[in-house]
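Q:
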Amino acid sequence: MVRKNQEWPSEGELIVATVYKVLGYGAFANLEEYEGKEAFIHISEVSSGWVKNIRDHVRENQKIVARVLRVNPKKGHVDASLKRIREDQRTKKIQQWKVEQKAEKFLELAAKSLDKNLDTAYKEVGYRLMDSFGDIYGAFEGAAEEGESVLIEEGIDEEWAKTIAEIAKKNITPPEVHITGYIDIQTFDANGVDIIKEALLAAEDDDVEVQCVGAPRYRITVKSSDYIQAEKDLKAAADRAIEIIEESNGNGTFLRELE
Numbered sequence: 049m050v051r052k053n054q055e056w057p058s059e060g061e062l063i064v065a066t067v068y069k070v071l072g073y074g075a076f077a078n079l080e081e082y083e084g085k086e087a088f089i090h091i092s093e094v095s096s097g098w099v100k101n102i103r104d105h106v107r108e109n110q111k112i113v114a115r116v117l118r119v120n121p122k123k124g125h126v127d128a129s130l131k132r133i134r135e136d137q138r139t140k141k142i143q144q145w146k147v148e149q150k151a152e153k154f155l156e157l158a159a160k161s162l163d164k165n166l167d168t169a170y171k172e173v174g175y176r177l178m179d180s181f182g183d184i185y186g187a188f189e190g191a192a193e194e195g196e197s198v199l200i201e202e203g204i205d206e207e208w209a210k211t212i213a214e215i216a217k218k219n220i221t222p223p224e225v226h227i228t229g230y231i232d233i234q235t236f237d238a239n240g241v242d243i244i245k246e247a248l249l250a251a252e253d254d255d256v257e258v259q260c261v262g263a264p265r266y267r268i269t270v271k272s273s274d275y276i277q278a279e280k281d282l283k284a285a286a287d288r289a290i291e292i293i294e295e296s297n298g299n300g301t302f303l304r305e306l307e
């Protein structure tokens, strides 16, 4: 069960819940992110249209996304609505919840590596990761890209930080960016064809691809997990090619393709 670093949801918050009882006047659902808490959805909040039979809209064991209307901790009540939410909001919340579930699995793996359970993991680092990174997945994503140091900087115990970084690097692939630019190169040297080939080969690298658009223009595509580094690699690739061309009394120009 994915957990929040607060006991009760807030008014207006979107929640994921599982319906466990449907009656003629409304439905009851267990909250997936708040252990031991449940919400009630009155029949008037099930649909924006007239509801003839509530079971046409909601049923037992159905996973739902609802908006919190009222919270009364003293009475243990949470009132929620199914109709006061757009479809895009519903989809985004479900996707977010699935990511959080994955993050909790990662946290549990880290805990097992340290001979600890998930409850201990939440108490020792889980809630702190939420406070520092917004959510647990964000912490694992940061560790996958930057290593354990990004966690230690936020006050996470070194043993936990190292273990989390190891789990993250094994399970999370940093997002890959692709950027494109062009070089216009020409030379009037007698060995012009060979010089152009040499320049293009100099531009290429493991993460740099060069394609002919139509002489004298060539496309350079760079892929990287870091946008800033990709920009640097693109400019460096273009500069390598242009330098060879200019050494042969030719000329070259770099053009960055706008996204």
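Throughout the sequence shown, residue numbering follows my numbering, covering 49 to 307 in sequence. Where is the CB? At the ideal position from N, CA and C, for every residue including glycine. Please read these numbers as outputs of a predicted model, since none were measured by experiment.
#1: For a quick check, are the C-beta atoms of alanine 114 and alanine 65 less than 8 Å apart?
#2: Would you say the stretch 271-291 touches the stretch 251-260, given that touching needs at least three Cβ pairs under 8 Å?
#3: Taking the alpha-carbon of lysine 283 as reference, which of Glu86, Gly186, Ile293, Ile227 has the nearest alpha-carbon?
#4: Please check the pair valine 316 and glutamine 110, which I expect to be a contact at CB under 8 Å, by giving their CB distance rounded to whole angstroms.
#5: Give the secondary structure of aspartate 253 by DSSP, where H, G and I count as helix, E and B as strand, and everything else as coil.
#6: Taking the runs of the beta strand (DSSP E) that are 3 residues or longer, which of them lie wholly in the stretch 259-289?
#7: Spatial neighbours of valine 258 within its chain, please: C-beta separation below 6 Å, excluding the five flanking residues on both sides.
#8: In chain order, which continuous runs of the alpha helix (DSSP H) of length 4 or greater are located wholly inside the stretch 113-191?
#9: In this structure, how does DSSP classify glycine 195 when only helix, strand and coil are distinguished?
#10: Skipping 5 residues on each side, what residues in its chain have a beta carbon closer than 8 Å to that of glutamate 224?
#11: Hey, could you find the ends of the alpha helix (DSSP H) alanine 209 is sitting in?
#12: Please work out which residues of its chain come closer than 6 Å, Cβ to Cβ, to lysine 217, disregarding the five sequence neighbours upstream and downstream, and give them in chain order.
#13: In terms of residues, what are the limits of the beta strand (DSSP E) holding glutamate 86?
#14: Using beta-carbon positions only, say whether isoleucine 133 and leucine 62 come within less than 8 Å of one another.
#15: Spatial neighbours of valine 198 within its chain, please: C-beta separation below 7 Å, excluding the five flanking residues on both sides.
#16: I'd like to know whether the C-beta atoms of phenylalanine 88 and glycine 74 end up nearer to each other than 8 Å.
#17: Comparing alpha-carbon positions, which option in Phe188, Ser161, Ser129, Ala263 lies nearest valine 94?
#18: I'd like the list of long-range same chain contacts for alanine 69, defined as Cβ closer than 8 Å, with 5 residues on each side in sequence excluded.
#19: For asparagine 165 and leucine 155, I'd like the C-alpha separation in whole angstroms.
#20: Between which residues of its own chain and glutamine 234 is the CB-CB distance below 7 Å, once the five residues before and five after are set aside?
#21: Counting along the chain, where does the beta strand (DSSP E) carrying glutamine 234 start and finish?
A: Considering the structure as presented:
#1: yes
#2: yes
#3: Ile227
#4: The first residue shown for the chain is 49 and the last is 307, placing residue 316 beyond what the model contains.
#5: strand
#6: 265-272
#7: Leu248, Ala251, Glu252, Tyr266, Ile268
#8: 135-161, 166-169, 175-181
#9: Three-state DSSP puts glycine 195 in coil, outside helix and strand.
#10: Lys271, Ser272, Ser273
#11: 206-219
#12: Residues Ala192 of the same chain have their beta carbon placed closer than 6 Å to that of lysine 217, with the five preceding and five following residues left out of the count.
#13: 86-90
#14: yes
#15: Gly190, Ala191
#16: yes
#17: Ser129
#18: In the sequence as presented, alanine is not what sits at residue 69; that position holds lysine. Excluding positions up to five away in sequence, the list reads Ala75, Phe76, Glu108.
#19: 9 Å
#20: Pro264, Gly298, Asn299
#21: 225-234
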